[in-house]
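Novice:
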Amino acid sequence: MAAAAQLSLTQLSSGNPVYEKYYRQVDTGNTGRVLASDAAVFLKRSGLPDLILGKIWDLADTNGKGILNKQEFFVALRLVACAQNGLEVSLSSLNLVVPPPRF
Numbered sequence: 008m009a010a011a012a013q014l015s016l017t018q019l020s021s022g023n024p025v026y027e028k029y030y031r032q033v034d035t036g037n038t039g040r041v042l043a044s045d046a047a048v049f050l051k052r053s054g055l056p057d058l059i060l061g062k063i064w065d066l067a068d069t070n071g072k073g074i075l076n077k078q079e080f081f082v083a084l085r086l087v088a089c090a091q092n093g094l095e096v097s098l099s100s101l102n103l104v105v106p107p108p109r110f
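To get the working numbering, take the position in the sequence shown, counting from 1, and add 7.
1. At what residue ranges does the segment 38-91 contain a whole run of the beta strand (DSSP E), taking only runs of 3 or more?
2. Counting C-beta neighbours from all protein chains within 10 Å, is the total for Ala43 16 or more, i.e. buried, or is it exposed?
3. Starting from Pro24, trace the alpha helix (DSSP H) both ways and give me its first and last residue.
4. Exposed or buried, Leu101, counting other C-beta atoms within 10 Å across all chains shown (16 or more means buried)?
5. Confirm, please, whether the CB-CB distance from Val96 to Cys89 is below 8 Å.
6. My understanding is that Glu79 touches Asp68, with C-beta atoms under 8 Å, so please give their C-beta distance in whole angstroms.
7. Could you give the DSSP three-state label for Ser99: helix, strand or coil?
8. Are the Cβ atoms of Val105 and Leu94 separated by less than 8 Å?
Next up, the structure:
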């Protein structure tokens, strides 16, 4: 199920200038990965409670490795957008139409 949700997210977010802009802000070295510490600082700017941000991280960091690749970071961004719009933070929410997240 997670793969289907991420495939759908790829179709929705790949090439999205807002998501790309946010990604470039955290992957400044163009390494293709975002460390947990860098992601935490960035995601806290969303204004969401730490409990929600923790759930978002757990869903985005599918392998529990403490690093997000670009696609996983897009999952986190999409879940932030869902939470900011009062929607459930879950993989099923990735398929919903929501405005971009605000930071």
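Virtual Cβ for every residue (Gly too), placed ideally from N, Cα, C.
Predicted model, so just to flag it, every value in this text is computed and none were measured.
Specialist: Quick answer:
1. Runs of the beta strand (DSSP E) inside the segment 38-91: 40-42 and 74-76.
2. Counting from 1 along the sequence shown, the entry for residue 43 is found at position 36. So Ala43 ends up on the exposed side.
3. Residue mapping note: residue 24 aligns to position 17 of the sequence shown, counting from 1. Residues Pro24 to Val33.
4. Here the question's residue 101 lines up with position 94 in the sequence shown. Within 10 angstroms of the beta-carbon of Leu101 lie 16 or more other beta-carbons, which makes it buried.
5. Position 82 of the sequence shown holds residue 89. Position 89 of the sequence shown holds residue 96. For Cys89 and Val96, yes; Cβs fall inside 8 Å.
6. For the purposes of this step, residue 79 is taken as residue 72 along the sequence shown, with counting starting at 1. For the purposes of this step, residue 68 is taken as residue 61 along the sequence shown, with counting starting at 1. Yes, Glu79 and Asp68 are in contact; Cβ-Cβ is about 6 Å, under 8 Å.
7. Position 92 of the sequence shown, counting from 1, holds the residue named residue 99. Ser99: helix per DSSP, three-state reduction.
8. To locate residue 105, count along the sequence shown from 1; it is residue 98. To locate residue 94, count along the sequence shown from 1; it is residue 87. Yes, they are a contact pair.
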